[in-house]
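The structure appears right after this line, and notes come after that.
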Amino acid sequence: MLLSMPVDYLPIAMMFVVAIGFVLGTMVATHYLGPKRKSVKKLDTFECGIEVQGNARIPFSIKYFLVAILFVLFDVEVIFMYPWAVNFKSLGMYGFVEMLIFMSILLIGYFYIRKKGGFKWE
Amino acid sequence: MSVIAFYILTVLCIFSALMVVFSKKPVHSVLYTIFCFFNIAGHFLLLNAQFLAIVHIIVYAGAIMVLFLFTIMFLNLNAEVEPHKSNLLKVAAVVCGGLLLLILVSCLKGAENIPVNPMLDTQMGMVKNLGMVLYNEYMLPFEMLSILFLSAMVGAVLLGKKETK
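Sequences listed follow chains A and B, in order. Numbered according to this note's numbering, the first sequence spans residues 923 to 1044. Numbered according to this note's numbering, the second sequence spans residues 150 to 314.
Rendered as C-alpha cells:
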C-alpha cells in the first residue's frame, strides 16, 4: 500500500501558484503597457452596439434554477464514481453490478425528467 | 512544509471568510465564499482526507455556489431598493453570532487535552480505502442513495415545472 502524504500535493500547489501568477502578471502588465485613451463614449457599456436599457439586475426565469438543481444532483452522482473508478479492478464484477444498479436507477430519473420536459425551453 | 502550507491556507481562509461578510456586493461575497472553499479543501488535503477535498471542490465550490449565485440573482437586489435591516435585527444578529462564538470556544477549549489515538490509520481518508469500505460494507446505503437522488429529481421537476396539458 502506497503511503500518501500531503507533501505529494506540492506539484498541484505549484500549478495553482503558476496559474494565478500568470493571470495576475498579465493583468498588471497590460495595465501598465497598454495605451490608455479614455472618453465617455469609449467607457460606455453596450450590448452588441446597442445602447443599454436598465441595468443587469433583472429578475430572471426560474427555469434556470431547475436546470441548476438537476446539475447539482448529477454532480453528486459523479462524485460516487470517483472512489469506484479507483477501486474498479479490486472490486471486480461485484462492484460493476453495484454501480450498474446505481446508474440504472438514476437513468430512470433522467428519462422521467426528459418525459416531463424538464430540459425543454418554453 | 505542511506547517507553512497550513498557515498560508488559514490566513487566506480567514481573510476570504471576512470578505464574504464585509464586501458590499453580493456576487463578490459568493466569489469570496468559493475562494474560502478552495482553502478549506486545501486543509482537508493536509489532513489526508483526499475524498473530502475533492467533494468540497466539485460539489460545494462547483455546484452549490452556482445555486447561490442563482438565488442572489433571483433576489433583484437593485442598489436603490437594497433592503436595509432595522437596528433591532442587527442587535439580534450580533447576539446570535456572539452566542455561537461562545459555544464554539467552549467546545474547543478542552480539545488539546484529548489524547491522540496511536492506532489511528492515517490513510483512512484516501479515496482507495474509502471506496473499498463504501462498495463492500456500505453497499445497501449506497444503493438507497440512488433512490434518494431519484426522489430529489422527481421533486425538483414537480416543483419547478409547469404542468403542460
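The beta-carbon is built from N, C-alpha and C at its ideal position, and this holds for glycine as well. Computed from a predicted model, the values in this text were never measured in an experiment.
Where the alpha helix (DSSP H) containing residue i begins and where it ends
| i | result |
| --- | --- |
| Arg1036 of chain A | Phe1010 to Lys1038 |
| Thr159 of chain B | Ser151 to Phe171 |
| Met302 of chain B | Met288 to Gly309 |
| Tyr284 of chain B | Val276 to Asn285 |
| Val204 of chain B | Gln199 to Val204 |
| Ile934 of chain A | Leu932 to Leu955 |
| Ala242 of chain B | Asn236 to Lys258 |
| Met222 of chain B | Met214 to Phe223 |
| Ser178 of chain B | Pro175 to Leu195 |
Other residues of its chain near residue i: CB distance less than 6 Å, five sequence neighbours each side excluded
| i | result |
| --- | --- |
| Phe298 of chain B | none |
| Met288 of chain B | none |
8 Å Cβ cut-off: residues of chain B touching residue i
| i | result |
| --- | --- |
| Lys1038 of chain A | Val306 and Lys310 |
| Tyr1043 of chain A | In the sequence as presented, Tyr is not what sits at residue 1043 of chain A; that position holds Trp. None at all; the shortest Cβ gap to chain B is about 12 Å. |
| Val929 of chain A | Met150 and Ser151 |
| Glu1020 of chain A | Tyr284, Met288, Phe291 and Glu292 |
Own chain, CB closer than 7 Å to residue i, minus 5 neighbours either side, in chain order
| i | result |
| --- | --- |
| Met923 of chain A | With a pLDDT of 45 at Met923 of chain A, under the threshold of 50, the predicted position of this residue should be treated as unreliable, and no value is reported. |
| Val939 of chain A | none |
| Leu1028 of chain A | Glu999 |
| Lys1038 of chain A | none |
| Phe187 of chain B | Ile206 and Ala210 |
| Phe996 of chain A | none |
| Val179 of chain B | Met214, Phe217, Leu218 and Ile221 |
| Ser151 of chain B | Leu195 |
Partners in chain A for residue i, counting only beta-carbon separations shorter than 7 Å
| i | result |
| --- | --- |
| Ala301 of chain B | Leu995 |
| Ser295 of chain B | Phe1024, Ile1027 and Leu1028 |
| Met268 of chain B | In chain order: nothing, as chain A lies at least about 16 Å away. |
| Leu180 of chain B | Simply none; closest approach about 14 Å. |
Chain A residues whose Cβ lies nearer than 8 Å to that of residue i
| i | result |
| --- | --- |
| Ile206 of chain B | In chain order: nothing, as chain A lies at least about 10 Å away. |
| Val276 of chain B | Tyr1004, Pro1005 and Val1008 |
| Phe298 of chain B | Leu995, Val998, Glu999, Ile1027, Leu1028 and Gly1031 |
| Ile213 of chain B | Val994 |
| Phe219 of chain B | Tyr986, Phe987 and Ala990 |
Cut-off 8 Å between Cβ atoms - residues of its own chain near residue i, not counting five sequence neighbours on either side
| i | result |
| --- | --- |
| Tyr181 of chain B | Ser165, Ala166, Met168, Val169 and Ser172 |
| Phe223 of chain B | none |
| Lys960 of chain A | none |
| Met275 of chain B | Asn197, Gln199 and Phe200 |
| Thr271 of chain B | Asn197 |
| His177 of chain B | Met168 |
Near the ligand NAD: residue i beta-carbon under 6 Å from a heavy atom
| i | result |
| --- | --- |
| Lys310 of chain B | Here there are no bound small molecules, and the ligand NAD is not part of this structure. |
Beta carbon proximity, residue i to chain D, threshold 7 Å
| i | result |
| --- | --- |
| Glu286 of chain B | Checking the listed chains, one finds no chain D in this structure; the protein chains it contains are A and B. |
Contact list for residue i against chain A, beta-carbon separation under 9 Å
| i | result |
| --- | --- |
| Ile203 of chain B | Ile1001 and Tyr1004 |
| Met168 of chain B | Those within 9 Å of Met168 of chain B in chain A number zero; the least Cβ separation is about 17 Å. |
Per-residue contacts from residue i into chain B (C-beta, under 9 Å)
| i | result |
| --- | --- |
| Leu988 of chain A | Ala305, Val306, Leu308, Gly309 and Lys310 |
| Leu946 of chain A | Within 9 Å Cβ-Cβ: nothing; Leu946 of chain A doesn't reach chain B, min ~14 Å. |
| Ile972 of chain A | Ordered by position in chain B, no residue passes the 9 Å Cβ test against Ile972 of chain A, which lies about 22 Å from the chain. |
Contact set between residue i and chain B, taken where Cβ atoms lie within less than 7 Å
| i | result |
| --- | --- |
| Leu1013 of chain A | Tyr284 |
- Cβ-based contacts, 7 Å cut-off: residues of the segment 243 to 259 of chain B near chain A: none
- What residues from the segment 938 to 965 of chain A come within 7 Å of chain B, judged by C-beta to C-beta, listed N to C? none
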